[in-house]
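Basically my numbering = 1-based index in the sequence shown + 114.
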Amino acid sequence: MVHTFRRTTNLSFYFKRAKAQGWSSWTEWSTCSRSCDGGVAYQLRRCHAPHGCKGDAVRYKICNMQPCPEQQDFRAHQCSAYDDVPYDGALLKWTPHYDYSEPCALTCR
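Structure, rendered in structure tokens:
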């Protein structure tokens, strides 16, 4: 006597399970960090696997590469965003300080 076994595979179950244990979908792109002269936007995703996931949780793209209408020091612009924020009870005019040993750091004084 020969017994025949029929096995049905529900693929959607396996795909849903793999998705639940791997990476989430990427988020929408963030707002560009600059309005002109080149900025950065990013997307995030979360790992749902108990033992980690391969790949990066964040990815970046360059955005707003068009030239600014007026030449402007973007570090000065970033520092001046705090001119209206009280510091020790006073309003200060913040300007960038350049430290050539850390060229990517933004320090406002």
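The beta-carbon is built from N, C-alpha and C at its ideal position, and this holds for glycine as well. All figures in this text were calculated on a predicted structure; none of them were measured in a lab.
Counting only runs of 4 or more residues that sit fully inside the segment 165–217, the alpha helix (DSSP H) segments are 188–194, in chain order. Inclusion of TYR156 and SER139 in the CB contact set at 8 Å is not warranted, their separation being larger than that value. With distances taken between CA atoms, PRO210 lies nearest to ALA195 out of GLN180, ALA195 and TYR174. Taking C-beta atoms under 8 Å as the contact rule, CYS161 and ALA171 qualify, at a distance of about 7 Å.
In this structure, ARG159 sits near TRP137, with a CB-CB distance shorter than 8 Å.
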